[in-house]
Amino acid sequence: MTMTDRDRENDATGPGGAVTSEPAPPAPAASRRPRRRPDLRDHPEWILVPAVFVAVMLLWEYLVPALGIDEYILPRPSRIAEAMGTQLSDALFWTHMKVTLLESLYGFVLGVGTALLLGTAISQIRLVEKTLMPYVVAFQTVPKVALAPLFVVWFGFGMTSKVVMAAVISFFPMLVNVIEGLRSADADRVQMLTVFGASKFDVFRRVRLPSALPFIFAGLDIGIVFAILGAVVGEFIGAKEGLGYLLLQTNYNFDIAGMFAVLVILSVLGLIAHFIIRTAQKRFAFWAEDNTVIGA
Numbered sequence: 017m018t019m020t021d022r023d024r025e026n027d028a029t030g031p032g033g034a035v036t037s038e039p040a041p042p043a044p045a046a047s048r049r050p051r052r053r054p055d056l057r058d059h060p061e062w063i064l065v066p067a068v069f070v071a072v073m074l075l076w077e078y079l080v081p082a083l084g085i086d087e088y089i090l091p092r093p094s095r096i097a098e099a100m101g102t103q104l105s106d107a108l109f110w111t112h113m114k115v116t117l118l119e120s121l122y123g124f125v126l127g128v129g130t131a132l133l134l135g136t137a138i139s140q141i142r143l144v145e146k147t148l149m150p151y152v153v154a155f156q157t158v159p160k161v162a163l164a165p166l167f168v169v170w171f172g173f174g175m176t177s178k179v180v181m182a183a184v185i186s187f188f189p190m191l192v193n194v195i196e197g198l199r200s201a202d203a204d205r206v207q208m209l210t211v212f213g214a215s216k217f218d219v220f221r222r223v224r225l226p227s228a229l230p231f232i233f234a235g236l237d238i239g240i241v242f243a244i245l246g247a248v249v250g251e252f253i254g255a256k257e258g259l260g261y262l263l264l265q266t267n268y269n270f271d272i273a274g275m276f277a278v279l280v281i282l283s284v285l286g287l288i289a290h291f292i293i294r295t296a297q298k299r300f301a302f303w304a305e306d307n308t309v310i311g312a
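Each residue of the sequence shown is one higher than the one before, starting from 17 at the first, in our numbering.
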């Protein structure tokens with residue numbers, strides 16, 4: 017045995033010949049991976065979406081005068097943008113927008129809250145399902161827009177009738193999504209927790225509710241857009257303020273560019289609401305990005 021080997025043996029044995037282990041060298045610090053920069057090849061929509069918008073606007077802008085279409089029938093985008101700038105600079109326009117937003121928000125909260133409670137009861141209690149589902153299905157077949165004049169008679173021309181209209185329209189998509197979501201829970205997981213003595217509330221909290229979250233957010237996504245629609249429809253029937261009332265006024269005045277401007281603003285409000293719901297979904301139901309809207 018060479019001297020080097022003997023020295024290594026002595027270093028490896030402690031007093032009395034006990035074998036000791038040398039401390040392992042410290043592991044090199046893990047280098048942080050540089051964050052990958054967004055690649056346009058992975059997100060072609062970043063280019064295609066604005067490109068399609070610009071192409072359509074340019075085609076619209078130059079095709080309308082080329083075809084000899086009058087401005088009061090189909091105004092050019094530049095004329096619509098001008099009308100929108102005029103409206104946004106008017107303090108009265110912001111009053112109309114505030115009214116519509118409040119009606120939509122109150123109706124959305126009322127409709128979604130009722131749908132959550134009723135959908136949970138129907139999906140979890142067999143007797144409630146057998147008793148109420150026939151009435152829910154029958155009422156769902158009624159055209160909701162046709163109820164607007166009746167709500168105006170019952171609740172007047174104020175905000176209440178529009179809130180009820182928005183709540184009714186946003187109620188059914190949310191209800192169906194809640195029921196289907198709570199029923200979509202994995203039967204094996206439910207059975208396993210039941211065998212281990214979990215209560216019905218524990219099963220609901222740990223299995224059924226997480227499984228239903230993607231469906232719930234899908235219902236919220238379409239419900240908020242329907243709430244805006246319900247508020248505007250209610251304003252069509254009878255109102256003194258709101259974006260729906262403003263649409264009627266621009267129609268009476270043959271201000272077609274102003275009508276298009278209000279429609280664009282309503283679309284922007286719907287898009288903002290959609291992105292808010294999608295952002296909340298990515299935060300609370302990140303495991304299920306893709307889902308199908310039920311009950312639209």
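Each residue gets a CB set at the ideal place from its N, CA and C atoms; glycine is no exception. Note that the structure is a prediction, hence the values are computed from the model and not measured.
Check                                                                                                                           : Outcome
Spatial neighbours of I293 in its chain, beta-carbon cut-off 8 Å, leaving aside the 5 residues before and after                 : F233, L236, D237 and I240
Backbone secondary structure at R222 - three-state DSSP                                                                         : helix
Nearest-angstrom beta carbon gap, V278 and L262 [assumed within contact, 8 Å]                                                   : 6 Å
For E257, the three-state DSSP class (helix, strand or coil)                                                                    : coil
Closest residue to A182 among V125, G84 and H112 (Cα-Cα distance)                                                               : V125
Simplified DSSP state of T157, which is helix, strand or coil                                                                   : coil
Contacts around F242, its chain only, beta-carbon distance under 8 Å, and the 5 residues preceding and following it disregarded : A182, I185, S186 and P189
Endpoints, the alpha helix (DSSP H) within which H2 is located                                                                  : A query on residue 2 cannot be resolved here, the shown segment of the chain reaching from 17 to 312 and no further.
Inter-residue Cα distance where the pair is S94 and P165                                                                        : 37 Å
Residues near A273 by beta carbon distance below 6 Å, same chain, minus five either side                                        : P91, R95, I96 and A99
The region 280–289 touching the region 139–153, judged by at least three CB pairs closer than 8 Å                               : no
Stretch pair the region 153–173 + the region 207–222: three plus CB contacts closer than 8 Å                                    : no
With 16 other Cβ atoms within 10 Å as the buried cut-off, status of Q156                                                        : exposed
Test item: CB-CB of G258 and H112 under 8 Å                                                                                     : yes
Where T116 falls, given that 16 or more other Cβ within 10 Å makes a residue buried                                             : buried
Distance between beta carbons of E251 and V179, contact taken as under 8 Å                                                      : So it is not a contact: roughly 11 Å between Cβ atoms.
Residue range of the unbroken alpha helix (DSSP H) whose run includes W170                                                      : A164 to F171
Spatial distance of F171 from S177 (CA atoms)                                                                                   : 5 Å
C-beta atoms of L225 and L134 nearer than 8 Å                                                                                   : no
Reduced DSSP secondary structure (H/G/I, E/B, other) of G197                                                                    : helix
Separation of I281 from V104, as counted between CA atoms                                                                       : Before going on, a small fix: residue 104 reads as Leu here, not Val. Using only the alpha carbons, I get a separation of about 10 Å.
Cβ-based burial, N193 [other Cβ within 10 Å; buried from 16]                                                                    : buried
CB-CB length for F270 against Y88, believed under 8 Å                                                                           : 6 Å
Residue nearest to V144 in terms of C-alpha spacing, selected from T210, F173 and I195                                          : I195
Coarse secondary structure for S215, derived from DSSP in three states                                                          : coil
Sequence-distant residues of its chain with Cβ nearer than 6 Å to F167 (five each side left out)                                : S177, V180 and M181
Neighbourhood of D202 by C-beta, 8 Å cutoff - its chain only, sequence neighbours within 5 removed                              : V223 and S227
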